[in-house]
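Numbering (the working numbering), first residue to last: 18 to 790.
C-beta: ideal position from N, C-alpha, C; glycine also.
See below:
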C-alpha cells in the first residue's frame, strides 16, 4: 500500500508515508450520537452573508439561530469570518439535510480529513551562504510566513532571533500557551504559534496528552522541518549524524515565522485547517505554506482551496505541496489556480552506501545509518522471501522473518507496504546483522536515504534485480555494506523525484499543474526533540536536524523564496510573485540538456516539472509578469459553469456571472498553457482552433520583447499576435493572443512546447502542454 498513502512523519509511520498519495478521507472515525440515536459527524456550513435577515445584529447570532432551528443540542466548533462565512458543527445526516434547505445556507459539506505530504539547498539554489545575496534583504524582515503543519519545536537553533529587528507592527497574532508550551517560547523569529484541535477532538476524541502536546509544540517533527526550511536562521555545524554537515538555513533567514498547528497523530481535519487559515489572515501573514493534502474535488468543496482564495484576496500567497502519488498521471492535489502548487526535485548531494557482493560486484545505494560498523569481512546474505513462511515475507513485515534463518546474516528486503526503516527494525529483531532494501518496479531507480536503526542501504530496481539474481544463483551468498558519508556535486541535478505528483490537472485540465518544482529529496532541516529521526516509537535517538523527503519539503522552499521576492517587491500580488517564480524557472541544465525524470530516465515534461525548477535570483527581476486579481478568478469559475451559490461559497460574497459575456477558461491570465484536443470534434478542414488571451505587465526597465515558440509536435501550429511587445514604463500592460491550430494528424500521446518573450536580457518563459482526449 506504500504508493497509496501520504507522506507523514507521524510516529511509527514516518517513512512509509514519504512516497504516498495525498488522499482525502471522510472524517468519521468517532461519531457522537444525536438525540434520536443516529450518528453525528462534523459538517462545515457555508452561509450567504448577503442574505442575513436584518433582525440579526451580528452574523454569529444568525448562525446560532440557523443551527438551533434543526438541532437543540448541536454546538458550534468554530465560526469563520475570513475564509468563509459560516461555521462548523456536529450533525446527524438528517439534521444536515434539514439545515441545507434553510434560507441563506449555501452548502452543508461533510468534513474531510487531510494528511501531511512528507544544508545544501541555499547553495544549490544560488543563494550563497547568507541572505545578503538578495539586494533588498532587509525588507524581508517585514515579511511574515505562516506555516500550517504539526506545530513547532521552539528550542531549535533555527529559531534563534539574534540580530533581528523588533517584530513588525503589522503583526496581529499571538503565541498561545498549552501543554509543554508557553508564550515565552516565541521570540523575534518565531513570532507566533497557535493550535487548532476542536475539529480533531470532535471526531477522534480528546487528545492523549501523554503522546502529544495539546499546544503548538511539535511532537512529530514534520512541522519543525517545514518551518525551519521556510525561514530558519542560519546554524553552523548542522548535520544528521555527521551527514550533510555544514551551515543549515531556511530560504528566508530574516523573515518571521508563525506556526499554526492543525495536524495531530490522527490526521488534519478541514474544520481546524479552515480555522487556522481564518486566523492567519486576521494575524496579517504575507505567505501561507501548507505541506498537506488538498482536495481532489471541485474547488467549492475543497476547504484548502476555499481558504486559499480568501487569503489570495488579502494579498497572501499560498504555497501547497503537489502530493506524493507520482509518477502516476493525474495524481496532483492542491490544483486551484490561486494556489502555487509545488513538485519535488533532487539536490546535487547524496549519501552513498555500496552493496559489495561475494562475487566481486558492487552496487550503489544510499543510507543515513550511523552506528556500529559491520565487521571488515563479507557476511552471510539471505533473501527475506526465503527466510519466511509468509506469502509477503519478502517485504520484511512485522513477525514474518524466521530468526533461525536470519540470525547473523544481512537480509535483502523488498520495498513496499510497510515503512522502510521499520523493515530494518524487523530484521534486527529477528537477529539480522544488516539490511539491503531493494526497490521494485513501483519505485524504479528513485533512492531516498533513511537513518536506519541497523547497517542498511537502499538500492534501485535494476541493482535490486541483480542482487536477487545473485542470491538465487549462489549456494553461499555473502555481502557487506560500505558507507561513504556525504557526497556533493552529483550530476545530473536536479531530477524530478519519482514520488512527486504529476499532471494533467484532473479538476481543470486547462490549467497546467504543478506550477514548478523545488528541492524535496533528502532535505536537512530542524527536528523535534520528542521523536527520533525515523519517527518509530522504538527509536530513542534524538537529533536537532533531520533529513527527510517529500513535496512537503519542496513546498516550504518555494514559500520561503516567495517571501524573499515579497520582501524585494512588497507591492506585488500573489499572482505576480508566482509568475516571477514560474517564468524564470529553468528546464535545462548548464550543459543544455533537459531536466531528467528519475521515474523514466528520460527528459521530464511540464506535467512533471510544470514551468521548471525554481531559480530565486532570476525571479527577483523577471522583466514581465502575468498578474491576476480576485475578479479574474471569479470569471474563471463562471467559465467552469459554477452556480451562483457555488461561486458564493468560494468568494464569500454575491457574484453574478455576466450573461452577456462569453467566459473562457483559456483566458485566465496564467503563466502556462494547457491545450486539450478532442480528435472527434475537429472542425471544417479537419482542424481545431484554440485561442488563449494573455496580458503581460512590465515590472522592469523599458524594452521591446519579441516572442519565440517551440514544439515537439507538427500536429499543432502556434501563432502569436502581436509578435512584438513594446513597454515604455513600469506597470504598463500589453495583451497578446496565442492561436493553437490542431490538425487531424494528431496522435493520442501528450506533447509539449514552450513560448518565450525576450528583450535580449531577460526571458519570460511559459510551458505548453498538448493533450489528446
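Look at the Cβ atom of residue i, then the Cβ atom of residue j, and state whether they are nearer than 9 Å.
{"i": "residue 358", "j": "residue 531", "result": "yes"}
{"i": "residue 433", "j": "residue 412", "result": "yes"}
{"i": "residue 247", "j": "residue 164", "result": "yes"}
{"i": "residue 355", "j": "residue 241", "result": "no"}
{"i": "residue 275", "j": "residue 580", "result": "no"}
{"i": "residue 562", "j": "residue 542", "result": "yes"}
{"i": "residue 107", "j": "residue 219", "result": "yes"}
{"i": "residue 651", "j": "residue 628", "result": "no"}
{"i": "residue 272", "j": "residue 251", "result": "no"}
{"i": "residue 615", "j": "residue 682", "result": "no"}
{"i": "residue 128", "j": "residue 110", "result": "no"}
{"i": "residue 14", "j": "residue 451", "result": "There is no way to answer for residue 14, as the model of the chain reaches only from 18 to 790."}
{"i": "residue 473", "j": "residue 547", "result": "no"}
{"i": "residue 310", "j": "residue 350", "result": "yes"}
{"i": "residue 431", "j": "residue 308", "result": "no"}
{"i": "residue 702", "j": "residue 777", "result": "no"}
{"i": "residue 214", "j": "residue 193", "result": "no"}
{"i": "residue 566", "j": "residue 539", "result": "yes"}
Within a Cβ cutoff of 6 Å, which residues of the same chain sit near residue i, ignoring the five residues on either side of it in sequence?
{"i": "residue 655", "result": "674, 680"}
{"i": "residue 606", "result": "509"}
{"i": "residue 395", "result": "375, 495, 497"}
{"i": "residue 102", "result": "64, 66, 669"}
{"i": "residue 123", "result": "63, 65, 662, 665, 666"}
{"i": "residue 329", "result": "355, 591"}
{"i": "residue 611", "result": "605, 620"}
{"i": "residue 410", "result": "401, 402, 417"}
{"i": "residue 73", "result": "79"}
{"i": "residue 773", "result": "725, 780, 782"}
{"i": "residue 573", "result": "243, 246, 247, 306"}
{"i": "residue 599", "result": "532, 533, 628, 688"}
Would you kindly report the start and end of the unbroken alpha helix (DSSP H) that includes residue i?
{"i": "residue 655", "result": "647-656"}
{"i": "residue 665", "result": "661-668"}
{"i": "residue 583", "result": "568-585"}
{"i": "residue 329", "result": "320-330"}
{"i": "residue 599", "result": "591-600"}
{"i": "residue 624", "result": "623-626"}
{"i": "residue 127", "result": "Segment 122-127 is the beta strand (DSSP E) holding residue 127; no alpha helix (DSSP H) there."}
{"i": "residue 217", "result": "215-221"}
{"i": "residue 705", "result": "Unbroken run through residue 705 is the beta strand (DSSP E), 704-715; no alpha helix (DSSP H)."}
{"i": "residue 588", "result": "Taken as a continuous stretch (DSSP letters only), residue 588 belongs to no alpha helix (DSSP H), as it is neither H nor E."}
What are the boundary residues of the beta strand (DSSP E) that residue i is part of?
{"i": "residue 285", "result": "284-286"}
{"i": "residue 276", "result": "273-278"}
{"i": "residue 438", "result": "Segment 437-446 is the alpha helix (DSSP H) holding residue 438; no beta strand (DSSP E) there."}
{"i": "residue 334", "result": "334-338"}
{"i": "residue 364", "result": "Looking at the DSSP string, residue 364 is not in any beta strand (DSSP E), and its letter there is neither H nor E."}
{"i": "residue 454", "result": "451-455"}
{"i": "residue 94", "result": "93-97"}
{"i": "residue 166", "result": "161-166"}
{"i": "residue 636", "result": "Element bounds for residue 636: not the beta strand (DSSP E) but the alpha helix (DSSP H), 633-636."}
{"i": "residue 239", "result": "Note, residue 239: premise wrong, no beta strand (DSSP E); alpha helix (DSSP H) at 239-248."}
Please list, in chain order, all residues of the same chain as residue i whose beta carbon is under 8 Å from its beta carbon, the five residues on each side excluded.
{"i": "residue 119", "result": "83, 86, 87"}
{"i": "residue 178", "result": "204, 205, 206, 207, 250"}
{"i": "residue 766", "result": "789"}
In chain order, what residues of the same chain lie with their CB nearer than 7 Å to the CB of residue i, ignoring the 5 residues before and after it?
{"i": "residue 738", "result": "753, 754"}
{"i": "residue 557", "result": "549"}
{"i": "residue 735", "result": "726, 728, 755, 757, 770"}
{"i": "residue 348", "result": "38, 340, 342, 518, 519"}
{"i": "residue 189", "result": "299, 300, 301"}
{"i": "residue 597", "result": "582, 636, 639, 642"}
Hey, residue i and residue j are a contact pair by Cβ (cut 8 Å); roughly how many whole angstroms apart?
{"i": "residue 662", "j": "residue 783", "result": "With a Cβ gap of about 34 Å, residue 662 and residue 783 do not count as contacting."}
{"i": "residue 625", "j": "residue 519", "result": "6 Å"}
{"i": "residue 60", "j": "residue 126", "result": "6 Å"}
{"i": "residue 400", "j": "residue 429", "result": "5 Å"}
{"i": "residue 232", "j": "residue 197", "result": "6 Å"}
Any heavy atom of the ligand PLP within a distance shorter than 8 Å of the CB on residue i?
{"i": "residue 456", "result": "The model on display carries no ligand, and the ligand PLP is accordingly not part of it."}
Taking contact to mean 3 or more Cβ pairs, one atom from each stretch, closer than 8 Å, check whether the stretch 281-289 and the stretch 589-597 are in contact. Not touching, per the Cβ criterion.
Quick check: the stretch 710-718 against the stretch 741-753, are there 3 or more CB pairs under 8 Å? Yes, they touch.
Counting Cβ pairs, one atom from each stretch, are 3 or more of them under 8 Å apart for the stretch 440-450 and the stretch 360-374? No, the stretch 440-450 is not in contact with the stretch 360-374.
Evaluate the contact criterion for the stretch 223-242 versus the stretch 501-508: three or more CB pairs, one atom per stretch, below 8 Å. Touching, no.
For the stretch 246-261 against the stretch 87-102, are there 3 or more C-beta pairs whose distance is under 8 Å? For the pair of segments examined, the stretch 246-261 was found not to touch the stretch 87-102: the number of CB pairs separated by less than 8 Å stays below three.
Three-pair Cβ contact test at 8 Å for the stretch 320-336 versus the stretch 459-474: Taking 8 Å as the limit for Cβ pairs, the verdict is that the stretch 459-474 does not touch the stretch 320-336.
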